[in-house]
Structure formats: structure tokens, C-alpha cells
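Novice:
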Amino acid sequence: MTLALITGFATGFSLILAIGAQNAFVLRQGLQRAHVFAVSAFCALSDAILITAGVLGFGIAVEAAPWLPQVMGVFGICFLLYYAVERLNAAWEGNYEMEIAGQTRPLGATLATAAAFTWLNPHVYLDTVVFLGGISLSFENQQFAFWIGACTASFVFFFSLGYGARYLAPVMKTPANWRVLDVVIALVMLLIALKVAFWLI
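Quick note: the sequence shown uses the working numbering, first residue 176, plus one each step.
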């Protein structure tokens, strides 16, 4: 059981460690100290739901509807491009008074954006549902321990990222640094959109 738990945690953590669209959004929210708990909890719970689906065999359903990842991928690309343009526009205008002052967007709008980053990314389904679900099969009698480990990794990662970002907050007291962050985030979004597009082809 210990091996299954550790494997689940290590595998789950490694899959979400790379900076992606969802992680970049959580990082930005953490830097702004805006709805950090709600966003971190939403992303971690979403991962847990997808991991649960994978462990319970939802990968079979995905195989039965092979068009689903493609449809989600198209919507995901559109959203990533939209968000990249939004961040580039913000960097161009340079109006970061709200970020520096700590003013935030409404919680509903923030969670809607987090939901789009989470549920419109086809790679999320591949990583959590298909990949983790497949690995869990090797722990035939210990899948629950594997599931606990993988879900715990998501909670540890997202809350660490969201609340750890505040230690960089002193650096983000100038519009110039926010501009750099938004340009970097926009480039990340564009690269992920390109990656998804190649995956769909």
C-alpha cells in the first residue's frame, strides 16, 4: 500500500509540475493574492475528480468517444488564444493599478477562467484520466492508495503554488514587472495552443 501511495503521489506531482496554462493562472492569482484559496481548491478538486474518473475506468468511455478530446481541444485552443491576446493587450496598455493595489476580479469570473483552463485542456484528460488511470491498473488491489497519493499531490502542488507565490509579491510592485509576467504568460498560452493544435493534427 505504501508503494502505491508513493507512486501515486510522485506520478501525479510530476505530471502537474511543468508550467502550463492552469499553473500560470494559479501563479498569477497567487501573486495578486486574489481568491487564492478558492482557485487552488477548485483546481485541486477538479484534478481529483478527473483522477477518480481515471481510476474508476473512465478511460474506456473516452476510447468509446474518441471525438471528445478533439472537441475539447478546439475549444481549448480558442480559449488559450483569447487569454494570450488579453494578457498581451494588458501588457501593451500597462494599466496595473488594480494588481498593485490588490483589487481583484469577482470570484465567479475568476473561477470561470480557472474552469476553462482546467476542463478545456485535452492534455488534462490524457494525464489524469488515461495516464494515471492506466498506471493505477498495475496496483490491482491497492488502487485506493494510488488514488489517495495522486489526489494529495494535486492539493499539495496547487496550494503551494498559490500561496507560495506571495513571497514574490514584493517584486511585483511595479507595472514593468507585471508587464513582463503577462508577456511570459501569453507566450506560454500560445505555445500550449500550438502544442494542442499539433496534437489534434
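Quick reminder that beta carbons are idealized off the backbone N, C-alpha and C, glycines included.
Flag this pair as yes or no: are the beta carbons of T285 and G229 separated by less than 8 Å?
Specialist: Taking 8 Å as the Cβ cut-off, T285 and G229 do not qualify as a contacting pair.
Novice: Going by C-alpha to C-alpha distance, which of F306, L366, V355 sits closest to G269?
Specialist: Ranking F306, L366, V355 by Cα distance to G269 puts V355 first.
Novice: Just the Cα atoms here: how many angstroms apart are L307 and N296?
Specialist: Distance between the alpha carbons of L307 and N296: 16 Å.
Novice: Since A340 contacts G205 with CB under 8 Å, what's their CB separation in whole angstroms?
Specialist: Indeed, because the Cβ distance is near 3 Å, the residues count as touching under 8 Å.
Novice: Taking the beta carbon of G251 as the centre, do at least 16 other beta carbons fall within 10 Å, making it buried, or is it exposed?
Specialist: Per the 10 Å Cβ criterion, buried.
Novice: Quick one, which of F319, A213, G324 has its alpha-carbon nearest S189's?
Specialist: When each option's Cα is compared against that of S189, the closest is G324.
Novice: Taking the straight line between their C-alpha atoms, what separation do you get for R262 and A361?
Specialist: So the two alpha carbons sit approximately 6 Å from each other.
Novice: Going by CA-CA distance only, name the one from G183, Q197, L180 that's closest to A368.
Specialist: Residue Q197 is the option with its Cα nearest to A368.
Novice: Please list, in chain order, all residues of the same chain as G232 whose beta carbon is under 8 Å from its beta carbon, the five residues on each side excluded.
Specialist: Here the set comprises G308.
Novice: Taking 8 Å as the cut-off, decide whether the C-beta atoms of L255 and M347 are in contact.
Specialist: Taking 8 Å as the Cβ cut-off, L255 and M347 do not qualify as a contacting pair.
Novice: Are the beta-carbon atoms of S329 and A185 separated by less than 8 Å?
Specialist: Going by C-beta atoms, S329 is not nearer than 8 Å to A185.
Novice: Would you kindly work out how many angstroms separate the C-alpha atoms of V305 and I181, rounded to a whole number?
Specialist: Each residue's alpha carbon lies about 19 Å from the other.
Novice: Is it the case that the Cβ atoms of Y338 and V214 are separated by a distance below 8 Å?
Specialist: Contact flag unset, no.
Novice: Suppose contacts are defined by Cβ-Cβ distances below 8 Å. Is F321 in contact with A199 by that definition?
Specialist: It is not a contact, given that the beta carbons lie outside the stated cut-off.
Novice: Let me know the secondary structure DSSP gives R280 once reduced to three states.
Specialist: Coil, per DSSP.
Novice: Spatial neighbours of T279 within its chain, please: CB distance less than 6 Å, with the 5 preceding and 5 following residues excluded, ordered by chain position.
Specialist: The residues are A209.
Novice: Does the Cβ of C326 have 16 or more other Cβ atoms within 10 Å, making it buried, or fewer, making it exposed?
Specialist: Classification for C326: buried.
Novice: Could you give the distance in angstroms between the alpha-carbon of A289 and the alpha-carbon of L343?
Specialist: C-alpha separation (whole angstroms): 21 Å.
Novice: Closer than 8 Å by C-beta to F217: which residues in its own chain qualify, once you throw out the five before and the five after it? Chain order, please.
Specialist: Cβ within range, chain order: L286, A289, A290, T293.
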